[in-house]
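Sequence positions in the sequence shown follow numbering that gives the first Met the number 0 and run 0 to 401.
Working notes, structure below.
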Amino acid sequence: MSRLARGVILFVAGFAAATALVSHCGQEAPAPRSTPALEVALTQAHVAGQEDSLALLRQWQITASRENAITKAVAKASPAVVGINVIRVREYQRRGMFMDDPFWDFFYPRRYRERVQSLGSGFIISPDGYIVTNEHVVHNAVEIVVTLWGGKQFQAKIVGSDFVTDIALLRIDGKDLPTVTLGNSDDVIRGEWVIALGNPFGLFNINSEPSVNVGVVSNVNMDFGEQNGRVYQDMIQTDAQINGGNSGGPLLNSLGEVIGMNTWIISGSRDMSGNIGIGFAIPVNTVKRIVRDLREKGRVEREFWTGLEVDELSSMVAFALGMSSRRGVVVTDVADSSPGQRAGLKPGDVILEVNGKAVTTPEQIMSLISEQDLRPGDKLHLKVFRQGRVFEAEVKLERPPR
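As structure tokens, then:
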């Protein structure tokens, strides 16, 4: 076989293999681009030797491979990402100018309100106009304007919001809207590629398309407990740049699925307010759970009942129970037909640990429940001391009886 024939066969085989690979990935195999450069390459392949054919094939493959998993993920999710512009009322207080004189305070009030503008991002989760964003993006908002891909704007209403988890659900009067695909944040892989889409510094308003930032998952299951009344648990850490205005936007995996909602960053110091590659996203499974409550009830119900009454363990009670230390809290009462009774607990039991953490006061148990944002339906895993032995029990939180 001549070098010319081998070169042509190799070129055709290489193109067929590349086409088959694309088809195997679930996409329809693209036809070769009919460009002057490709036509010249094909012509030369017929007259050149084997090495020249290989070089031409590699050059064509590099050109054709510019569309990759990241660009496909961006194209898939971008139409469902929105920019959010908010007008909120902020209250200020200044020192009295005239020694707190009520007369002058009437003309120069120390407390005054001001309308301020802020911005954020969001993503559409249903064709009829439900949009998810951060609660802090729309907190105290008096007007919310949502800008869609392409520039169309809508007035939005808050369906429900949850300060604790920093999640809000909005609604616009739309139909047949593009939506994101919600993934599963439980199977996020440390080190996998992620894409942050959003409206940093209001850039969405320039061309009505979200900005794209790419990075990796730096870490998972980052628990920060309660922060100024908010609870940030199981957060996804990423080095994809998250800046002012990105809050509420989606964090995508390379399949274009939403795995988290971009929420906040660590900026390093008081003098350094920009991104330094440490950002955090609320896991999408948390978003789905909270949005379900917001859509059905407009709020998240956190009142719960265990039927247990507990108290601190005194030295005398610890001695009477045969304990060598005062660690734990003692159960003083168990209500009939309560979650505590169904878990097998009795007065005189000593709870040593709750969800793997040692407790010594009732307040610690309540703080733990608050930090973990536990609600009716969630369970407390207890380590209990009774009559010289230690066993485990599980108490399911239930709504208080009416």
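Backbone N, C-alpha and C define an ideal beta-carbon position, used for all residues, glycine too.
None of these values were measured; they are calculated from a predicted model.
Close beta carbons around residue i, own chain, < 7 Å, minus the five adjacent residues each side
| i | result |
| --- | --- |
| K382 | L351, E352, V389 and E391 |
| F162 | E134, G228 and R229 |
| G259 | S184, I235, L250, A280, I281, P282 and V283 |
| V211 | V73, I194 and L196 |
| K356 | L367 |
| V187 | V216, V219, I235 and I258 |
| M221 | M234, Q236 and F279 |
| V88 | R112, R114, N139 and V141 |
| T262 | N133, D165, S246, F279, A280 and I281 |
| G243 | P199 and F200 |
Spatial neighbours of residue i in its chain, beta-carbon cut-off 6 Å, leaving aside the 5 residues before and after
| i | result |
| --- | --- |
| E142 | I86 |
| T360 | E311 |
| G255 | A72, K75 and A76 |
| R173 | Note that residue 173 corresponds to Gly in the displayed sequence, not to Arg. Excluding sequence neighbours, G173 sits near G128. |
| V144 | N84 and Q152 |
| E191 | V216 |
Cα-Cα separation, residue i to residue j
| i | j | result |
| --- | --- | --- |
| Q226 | L250 | 22 Å |
| L435 | I277 | For residue 435 there is no data in the structure shown, the boundaries of the chain being 0 and 401. |
| R301 | E362 | 17 Å |
| T394 | S324 | Here residue 394 turns out to be Val, not Thr, going by the sequence shown. One C-alpha to the other measures close to 25 Å. |
| E397 | D377 | 8 Å |
| K296 | T285 | 17 Å |
| W148 | P177 | 9 Å |
| R341 | D335 | 9 Å |
| I205 | I171 | 21 Å |
| L202 | S117 | 13 Å |
| G159 | R291 | 10 Å |
| E66 | L181 | 23 Å |
| E27 | A68 | A caution first: E27 carries a pLDDT of 42, below 50, which makes its placement in the model unreliable, though a value can still be read off. Spanning the two alpha carbons is a distance of roughly 14 Å. |
| N354 | L293 | 27 Å |
| P400 | F200 | 48 Å |
| S337 | R326 | 25 Å |
| V80 | S207 | 10 Å |
| L379 | M365 | 11 Å |
| V137 | R189 | 31 Å |
| P209 | F122 | 11 Å |
Range covered by the beta strand (DSSP E) that runs through residue i
| i | result |
| --- | --- |
| F153 | Q152 to Q154 |
| E370 | First-last for E370: P361 to E370, but that is the alpha helix (DSSP H), not the beta strand (DSSP E). |
| F318 | First-last for F318: S314 to A319, but that is the alpha helix (DSSP H), not the beta strand (DSSP E). |
| P249 | P249 to N252 |
| R325 | Here R325 belongs to no beta strand (DSSP E), and DSSP marks it neither H nor E. |
| P282 | G278 to P282 |
| R170 | I166 to R170 |
| W263 | E256 to I264 |
| E352 | V349 to V353 |
| F390 | R388 to K395 |
| R385 | K378 to R385 |
| Q226 | G224 to Q226 |
| V141 | A140 to T146 |
Reduced DSSP secondary structure (H/G/I, E/B, other) of residue i
| i | result |
| --- | --- |
| F200 | helix |
| R294 | helix |
| M234 | strand |
| E134 | helix |
| V211 | strand |
| K75 | helix |
| D332 | strand |
| D185 | helix |
| V407 | With the chain covering 0 to 401 only, the question about residue 407 has no answer from this structure. |
| V163 | coil |
| N206 | helix |
| K345 | coil |
| V402 | With the chain represented from 0 up to 401, any question about residue 402 goes unanswered, as that position is not in the structure. |
| G121 | strand |
| R114 | strand |
| V158 | strand |
Same chain, Cβ closer than 8 Å to residue i, neighbours up to 5 away in sequence not counted
| i | result |
| --- | --- |
| V330 | L307, E308, V309, G339, L344, K345, P346, G347, D348, V349 and I350 |
| S238 | Note on residue identity: the sequence assigns Asp, not Ser, to residue 238. Once the five neighbours on either side are set aside, the close Cβ partners of D238 are G214, V215, S217, G276, I277 and G278. |
Burial state of residue i (16 or more Cβ within 10 Å)
| i | result |
| --- | --- |
| Q371 | buried |
| Q154 | exposed |
| Q240 | buried |
| N252 | buried |
| G150 | exposed |
| P126 | exposed |
| V299 | buried |
| A167 | buried |
| A319 | exposed |
| T164 | buried |
| T305 | buried |
| S314 | exposed |
| G248 | buried |
| I130 | buried |
Residue interval of the alpha helix (DSSP H) (run including residue i)
| i | result |
| --- | --- |
| G339 | P338 to R341 |
Heavy atom of the ligand PLP within 7 Å of residue i beta-carbon
| i | result |
| --- | --- |
| S246 | The ligand PLP is absent from the structure shown, which contains no ligands of any kind. |
Neighbour flag for residue i against chain C, beta carbons, 8 Å
| i | result |
| --- | --- |
| S120 | In the structure shown, chain C does not exist; there is a single protein chain. |
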